[in-house]
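A.B. asks:
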């Protein structure tokens, strides 16, 4: 029992991360930042809202997790994101966490041009990232508003987050780690009891394994992981009804296990017949999926879940009151489960306000507690083979530790990949601006500490807009890629090169004097001028050189390089110029 308690304490403390925001949990729900408009006609478009006619018809939202329940109307949400963009990075990411039929996002610029990204289950194949929720990339350049259009037969809860790329990466990594621990814990318990079944040939252990695995399937659907792993490979109706389908499977094996464990056929035959009837009824919602609407289906399944859990709790209570010792742990476990199911069902039926914790942390913590107590109840039946049970428990702990270690290793590898993604320009595969800023800060500190020279060179492709206008953006992208690869071949290995933005690039030259910086810049200029680029043949570049002076800030050094670049362009482009503040 002590080992089970230790396992529970570990799981419970890890799950607290999901409930209590830690120092790295930067993304918060943004429900209160929305305004909403209910379109009963279902005919309004984004152009109608941009016309100004509906400017003052939106209503503010007071909750972090608003929900519009089941509705035939179209819900329009308007978000002013400017107060949420704290660090000025681009792009940002909008995460819509709950399952809905249609969740389309319009990002509107200041000139009222907009970009549409389709989402929801109907648009899962159009999302830029395969993830458990719907992820939209938001270009924050000149961003004015974000509009969300929600519709469909499913309920319309609004659980969204708006975050930078770095924060999004941290959110994903944290969620993957926590969910990995949870599912690893559940699977290890299932494997342990499967081992007991093969050892003891007791059907209760096999039914318990089926019950735990069905709970895993149910929680996968609740967490949206079916969207992530099967979103592009199954029918849309499967994703829409996955929670109801897995819930029916869960309740079926819940009854099957309880009947066998408590021997209801012999102890409570009348209740056993009712349980048999409920097992048959659980097939009906699945069979009627093609002919009943989603609300009727989900309400029916929620009601059946309440009936099943309440009846099984009543059976456990009656047996405990009659002195059946083996039902003690069962009753505790079912009390925990019943509480979580009641909370979820009441939220499904919108009797209590919607909150995502009802479908994430609470059921996972409840499941961890429940399976622990059910395992204790099963162990209580085999005290006469204590040594075998202790050995199996040791194997369980080793398996759990192995799974945790494996998940941790996978997380570290994933974090390394994510770190590379966060510092690399996706088009040119060289360092991005974020990485360059970090490297420049480090280079300045090193130059200060060691009293060393430091130069930087800001490069700009001449008349790059004409390349896009004449040959198209695809040709322009190829020029940027070729240009980046060429510069990497022309510069020393210890120099740091990356894309600063658009057609601008930055080269950091440690231990490089003014004269050496000019030589390097001229060498690059000549190399670019003589190179045959695809499609466009020849291009040139302008270069601005700046030399670091002790005590200068990063911004001043960059401004000097920018002024040098400006001088090069003033002199007719295809030039390399150094800016010396003493000569300005």
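Numbering (our numbering), first residue to last: 136 to 719. Glycine included, every Cβ here is placed at the ideal spot set by N, Cα and C. Computed from a predicted structure; not experimentally measured.
1. Below 8 Å on the Cβ atoms is my guess for residue 388 versus residue 346; work out the distance and round it to an integer in Å.
2. For the alpha helix (DSSP H) containing residue 613, list its first residue and its last residue.
3. To the nearest angstrom, how far is it from the Cα of residue 351 to the Cα of residue 497?
4. Less than 6 Å between C-beta atoms, sequence neighbours within five positions excluded: which residues of the same chain meet that for residue 478?
5. Over what stretch of residues does the beta strand (DSSP E) that includes residue 677 continue unbroken?
6. Between residue 594 and residue 626, what straight-line distance do the alpha-carbon atoms span, to the nearest angstrom?
7. Would residue 641 pass as a contact of residue 696 if the rule is Cβ separation under 9 Å?
8. In the DSSP output, what is residue 237 paired with across the bridge?
9. Quick check on the DSSP output: the alpha helix (DSSP H) that includes residue 423 runs from which residue to which?
10. In this structure, how does DSSP classify residue 641 when only helix, strand and coil are distinguished?
11. Measure the C-alpha to C-alpha separation of residue 608 and residue 240 and round it to an integer number of angstroms.
12. Between residue 211 and residue 174, which are expected to be in contact by the criterion C-beta below 8 Å, what is the C-beta distance as a whole number of angstroms?
13. Taking buried to mean at least 16 other C-beta atoms within 10 Å of its own C-beta, is residue 403 buried or exposed?
14. Give the straight-line distance between the Cα atoms of residue 411 and residue 453, rounded to the nearest whole angstrom.
15. Identify every run of the alpha helix (DSSP H) within the segment 442-513, keeping only runs that are complete inside it and at least 4 residues long; order them along the chain.
16. Hey, out of 365, 356, 245 and 502, whose CA is closest to residue 322's CA?
17. Is residue 631 helix, strand or coil when you go by DSSP?
18. In this structure, how does DSSP classify residue 198 when only helix, strand and coil are distinguished?
19. Provide the residue span of the alpha helix (DSSP H) that contains residue 316, from first to last.
20. Is it right to say residue 158 is buried, meaning 16 or more other beta carbons lie within 10 angstroms of its own, or is it exposed?
21. Does the Cβ-Cβ distance between residue 433 and residue 379 come in under 9 Å?
22. If you draw a straight line from the alpha carbon of residue 701 to that of residue 170, how long is it in whole angstroms?
23. Within 10 angstroms of the Cβ of residue 191, are there 16 or more other Cβ atoms? Answer buried if so, exposed if not.
24. With a 10 Å radius around its C-beta and 16 neighbouring C-beta atoms as the bar for buried, classify residue 295 as buried or exposed.
25. With a CB to CB cut of under 8 Å and the five nearest residues on each side skipped, what residues in its chain are close to residue 519?
26. Residue 329 and residue 337 - do their beta-carbons sit closer together than 9 Å?
27. In terms of residue numbering, what span does the beta strand (DSSP E) encompassing residue 593 cover?
28. Here's the rule I'm using: 16 or more other beta-carbon atoms within 10 Å means buried, otherwise exposed. How should residue 584 be labelled?
29. Start and end of the alpha helix (DSSP H) containing residue 273?
30. Once the 5 residues before and after residue 200 are set aside, which same chain residues still bring their CB inside 8 Å of it?
31. Could you tell me which of 288, 415 and 509 sits nearest to residue 384, measuring between CA atoms?
32. Could you name the residues of the same chain whose beta carbon sits closer than 6 Å to that of residue 343, not counting the 5 residues immediately before and after it, in chain order?
33. What are the boundary residues of the beta strand (DSSP E) that residue 263 is part of?
34. Give the DSSP-derived three-state secondary structure of residue 174 in the structure shown.
35. Grouping DSSP H, G and I as helix and E and B as strand, with all else coil, what is residue 179?
36. Spell out a yes or no on whether the segment 647-662 and the segment 586-601 are touching, meaning 3 or more CB-CB pairs, one atom from each, closer than 8 Å.
C.D. replies: On the basis of the supplied data:
1. 4 Å
2. 608-625
3. 14 Å
4. 493
5. 676-682
6. 13 Å
7. yes
8. 286
9. From DSSP, residue 423 is part of no alpha helix (DSSP H); its letter is neither H nor E.
10. strand
11. 25 Å
12. 6 Å
13. buried
14. 19 Å
15. 462-483
16. 502
17. strand
18. coil
19. 300-335
20. With a pLDDT of only 41 at residue 158, under the threshold of 50, the placement of this residue in the model should not be trusted; the figure read from the coordinates follows. Residue 158 is exposed by the Cβ-count criterion.
21. yes
22. 45 Å
23. exposed
24. buried
25. Any reading at residue 519 must be qualified, since the residue scores a pLDDT of 43, below 50, and its modelled position is unreliable; no value is offered.
26. no
27. 589-596
28. exposed
29. Segment 269-273 is the beta strand (DSSP E) holding residue 273; no alpha helix (DSSP H) there.
30. 164, 166, 292, 293, 294, 488, 489, 490 and 491
31. 415
32. 328 and 392
33. Neither: residue 263 is in no beta strand (DSSP E) and is coded neither H nor E.
34. strand
35. coil
36. yes
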